[in-house]
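Participant: Before anything else, here's the structure in question.
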Amino acid sequence: MISHLNHLFSTPISEKGSTSHSPQKFSSLNIRCFRSSPNAKIEVPELSTQTPISPAVNKISRVARTDGQAVLFEYLHCTRGFNYVDAEHISKNSPCFLQSLLSKVDNDQDVTRALTRYFRYHPINEFEPFLESLGLKQSELTSMLPRDLIFLSDDHVLFDNYHVLCYYGIPRTKIGKIYKEATDVFGYDHGVLDMKLRAYEKLGLSRSTVIKLVTCSPTLLVGETNSELIQVLEKLKILGFENDWMGGYLSNRHSYNWGRMLNTLHFLNEVGYSDEKMATLFTMNPAFLFEGSGKQIYVLVGQLLKLGVKMNDIYLLFCQNPNMLSLKCTKNLWHALYFLSEIGLETEIIANIVSTHIQLLGSHSLKGPKTLLRDFKGDKFCLCQTIKDDPLNLFRLASKSKFDVEQMTSQDPGKLFQKTTFLLRLGYVENSDEMAKALKQFRGRGDQLQERFDCLVNAGLDCNVVINMIKQAPTTLNQSKNVLEKKIVLLKTYLGYPVESIVSFPSYLCYDVDRVHLRFSMYAWLKQKGAAKPTLSVSTLLACSDARFVKYFVDIHPEGPAMWESLKSSLQSS
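Taking my numbering, I'd label the letters of the sequence shown as residues 72 to 645.
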């Protein structure tokens with residue numbers, strides 16, 4: 072694994088690849104209409120979407136755009152013989168090409184007549200609107216247009232393979248990425264591409280997952296079935312994940328390096344992660360494996376090695392602090408290493424700070440070094456000395472968090488980290504005021520909060536619904552799992568209501584058990600007597616005061632007061 076690290080040492084953890092294109096110069100077109108004139112020889116300029124169109128100069132009305140799409144569809148379908156679906160997709164998903172067409176028509180011209188006449192005498196380069204309709208950017212088209220072809224029918228192999236992808240279920244607008252990254256796919260002989268797609272289904276993957284895989288990693292369709300992907304699937308299966316589990320976390324915005332991902336799995340094994348711990352890590356933080364294909368671990372380990380930390384010590388560090396391998400923590404830790412290195416702190420001091428304060432480094436985002444140096448008038452030596460005197464000064468001065476460092480360090484850092492990690496999974500923003508408030512509101516360790524959260528999910532509530540309920544009534548999770556289960560049983564036993572009935576009133580779970588038991592029992596008795604509506608809301612029964620409840624749910628029946636006292640006595644004696 073170490074052999075893969077060197078080229079990554081100076082690379083930030085969260086990179087967003089950007090490709091810059093040099094602006095190209097184009098000749099301007101002066102002829103903008105198709106009408107004839109007795110005093111001028113009219114030439115219709117050769118159509119090319121490579122002519123830049125300025126939206127500020129040529130604003131096209133919605134009516135003109137609709138008419139243009141209709142004429143382009145008519146040309147492709149009726150004149151060129153494209154099937155209906157292909158013609159419709161191309162005409163409606165090539166806006167830049169259409170913009171170029173419409174920019175050549177004067178405002179007083181009839182769009183339909185002008186374009187129809189143009190198409191009659193000037194066949195277009197069909198590859199331009201076709202490739203644009205696949206989702207390719209305008210800047211990418213120039214290098215991808217065939218030099219000697221303008222009709223798609225002249226490259227029937229390309230069009231046949233395009234249809235194979237379409238019929239398999241791959242969205243047409245996603246095929247552009249496959250064309251860009253795995254162009255060879257469109258040169259396959261008949262039946263080859265379909266065979267490659269089916270080969271991944273034979274691995275136990277559903278068609279929807281295969282579609283996500285090949286749109287994210289088009290090179291999977293080049294060559295033999297990817298052996299590294301197969302090994303990743305086998306390892307995930309050992310960890311207890313179904314084959315299609317990864318499909319829920321793949322994104323078309325990313326590409327995936329299956330070899331690096333496989334090495335990450337092996338590394339975690341070497342560090343000492345058991346299959347159970349690894350499964351928990353990926354369940355809580357699937358992004359750790361899928362975002363960057365595990366690149367974060369390479370970058371982080373590489374930086375620690377550069378500091379002089381031995382690999383065995385790195386293994387031990389991660390074994391003692393397994394949560395540090397979560398995506399958020401690795402980013403924070405890497406940026407902390409960058410910060411300390413940038414201000415010129417000695418490597419042995421940095422290594423010592425990492426060893427003793429890794430939890431704080433992982434749970435805090437730091438300001439940039441330039442920002443903090445302004446407070447020291449650019450004096451790096453003074454800043455370094457301040458941190459050497461007390462490493463906690465790093466967090467007092469540079470942390471974006473408003474947390475009190477002394478209060479945090481007085482707690483068990485492991486427990487604090489677990490709690491923070493749990494809140495991050497609920498959607499709280501790190502170092503925000505809401506996070507600080509939530510840390511005070513939620514009582515218990517991170518694993519206890521997770522257990523209570525799981526209790527509600529296991530009761531039949533959707534995970535996202537539970538998150539919203541907790542944010543509305545945070546003290547819900549301050550109760551033990553047994554208490555939560557008891558309240559859910561009371562809801563079903565006495566009222567016969569499904570657990571979903573408390574979604575709109577999550578505060579139900581915060582009420583005292585005795586209050587819930589007593590009022591539900593009284594209401595159940597009234598229903599038996601026919602003296603109460605059968606489906607009153609939970610909030611109606613619990614939110615009112617004792618006096619109001621007695622007035623509307625006790626005194627409403629002649630035997631009500633006696634039953635009420637009997638229920639209270641029974642509850643007190645139990």
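Glycine included, every Cβ here is placed at the ideal spot set by N, Cα and C. Just so you know, these numbers come straight off a predicted model, no measurement behind them.
Report yes or no: do three or more beta-carbon pairs, one from the segment 236–256 and one from the segment 218–228, lie closer than 8 Å?
Facilitator: no
Participant: Buried or exposed for Gln512, going by 16 or more other Cβ atoms inside 10 Å?
Facilitator: Sequence index remark: in the sequence shown, residue 512 carries index 441 (1-based). The residue in question, Gln512, is exposed, as its Cβ has fewer than 16 Cβ neighbours within 10 Å.
Participant: DSSP three-state label for Ser470, please.
Facilitator: The residue given as residue 470 occupies position 399 in the sequence shown. In this structure, Ser470 counts as strand in the three-state DSSP scheme.
Participant: Threshold first: 4 residues or longer. Then list the alpha helix (DSSP H) segments lying entirely within the segment 415–443, N to C.
Facilitator: 418–434
Participant: Could you check whether Val293 and Leu264 sit closer than 8 Å to each other, using their CB atoms as the reference points?
Facilitator: On the sequence shown, position 193 is the one that residue 264 refers to. On the sequence shown, position 222 is the one that residue 293 refers to. No; because the gap between Cβ atoms is not below 8 Å, this pair is not in contact.
Participant: Can you tell me whether Glu347 is buried or exposed, with buried defined as 16 or more other CB within 10 angstroms of its CB?
Facilitator: On the sequence shown, position 276 is the one that residue 347 refers to. By the neighbour-count rule (16 or more Cβ atoms within 10 Å), Glu347 is not buried but exposed.
Participant: Using only CA atoms, which one of Leu497, Leu284 and Ser608 lies nearest to Val536?
Facilitator: The sequence position of residue 536 within the sequence shown is 465, counting from 1. Among Leu497, Leu284 and Ser608, the Cα nearest to that of Val536 belongs to Leu497.
Participant: Would you kindly work out how many angstroms separate the C-alpha atoms of Phe466 and Ile458, rounded to a whole number?
Facilitator: Position 395 of the sequence shown, counted from the start, is the residue given in the question as residue 466. Position 387 of the sequence shown, counted from the start, is the residue given in the question as residue 458. Approximately 9 Å between the Cα atoms of the pair.
Participant: Hey, how far is the Cα of Gly262 from the Cα of Glu272?
Facilitator: In the sequence shown, counting from the first residue as 1, residue 262 sits at position 191. In the sequence shown, counting from the first residue as 1, residue 272 sits at position 201. Distance between the alpha carbons of Gly262 and Glu272: 16 Å.
Participant: So for Arg514, helix, strand or coil by DSSP?
Facilitator: By one-based count along the sequence shown, residue 514 stands at place 443. Three-state result, Arg514: coil.
Participant: Quick one: residues in its chain with C-beta nearer than 6 Å to the C-beta of Val48, no 5 flanking neighbours on either side, listed in chain order?
Facilitator: Residue coverage of the chain in this structure runs from 72 to 645, which leaves residue 48 outside it and unanswerable.
Participant: Using three-state DSSP, classify Phe312 as helix, strand or coil.
Facilitator: Along the sequence shown, read from residue 1 onward, the residue named residue 312 stands at position 241. If DSSP states are grouped into helix, strand and coil, Phe312 belongs with coil.
Participant: Among Lys438, Phe493 and Phe452, which has the Cα closest to the Cα of Lys471?
Facilitator: By one-based count along the sequence shown, residue 471 stands at place 400. It is Lys438.
Participant: Looking only at its own chain, which residues have a Cβ that is under 8 Å from the Cβ of Gly318, when we skip the five neighbours before and after it?
Facilitator: Stepping through the sequence shown from its first residue, residue 318 is reached at position 247. Excluding positions up to five away in sequence, the list reads Leu276, Ser277, Ser279, Thr280, Lys283 and Leu284.
Participant: On the three-pair Cβ rule with 8 Å, is the segment 564–573 touching the segment 591–611?
Facilitator: yes
Participant: Find the nearest neighbour of Lys622 within the set Met593, Asp157, Gly449 and Ile131, judged by alpha-carbon distance.
Facilitator: Start at 1 with the first residue of the sequence shown, and residue 622 comes out as number 551. Per the Cα distances, Met593.
Participant: Within the continuous alpha helix (DSSP H) that includes Val182, where are the two ends?
Facilitator: For the purposes of this step, residue 182 is taken as the residue at position 111 of the sequence shown. Looking at the DSSP string, the run of the alpha helix (DSSP H) that includes Val182 is Val182 to Tyr192.
Participant: In three-state DSSP terms, what is Lys490?
Facilitator: As a first step, residue 490 must be located in the sequence shown, where it is residue number 419. Note: Lys490 maps to helix in three-state DSSP.
Participant: Closest to Thr244 by CA distance: which of Ala544, Leu360, Asn323 and Thr137 is it?
Facilitator: Start at 1 with the first residue of the sequence shown, and residue 244 comes out as number 173. Minimum Cα distance to Thr244 is reached at Asn323.
Participant: When the Cα atoms are used, what is the spatial distance from Leu352 to Asp617?
Facilitator: Here the question's residue 352 lines up with position 281 in the sequence shown. Here the question's residue 617 lines up with position 546 in the sequence shown. Across the structure, Leu352 and Asp617 are spaced so that their CA atoms are roughly 48 Å apart.
Participant: Enumerated in chain order, which unbroken segments of the alpha helix (DSSP H) with a length of 4 residues or greater are wholly contained in the segment 276–315?
Facilitator: 278–287 and 298–309
Participant: Between Gln140 and Cys167, how many whole angstroms is the CB-CB distance? I'm expecting something under 8 Å.
Facilitator: Position 69 of the sequence shown, counted from the start, is the residue given in the question as residue 140. Position 96 of the sequence shown, counted from the start, is the residue given in the question as residue 167. Not confirmed; about 13 Å, so no contact.
Participant: By the 10 Å Cβ neighbour count, where 16 or more other Cβ atoms means buried, how is Cys526 classified, buried or exposed?
Facilitator: Against the sequence shown, residue 526 aligns to sequence position 455. Buried is the call here.
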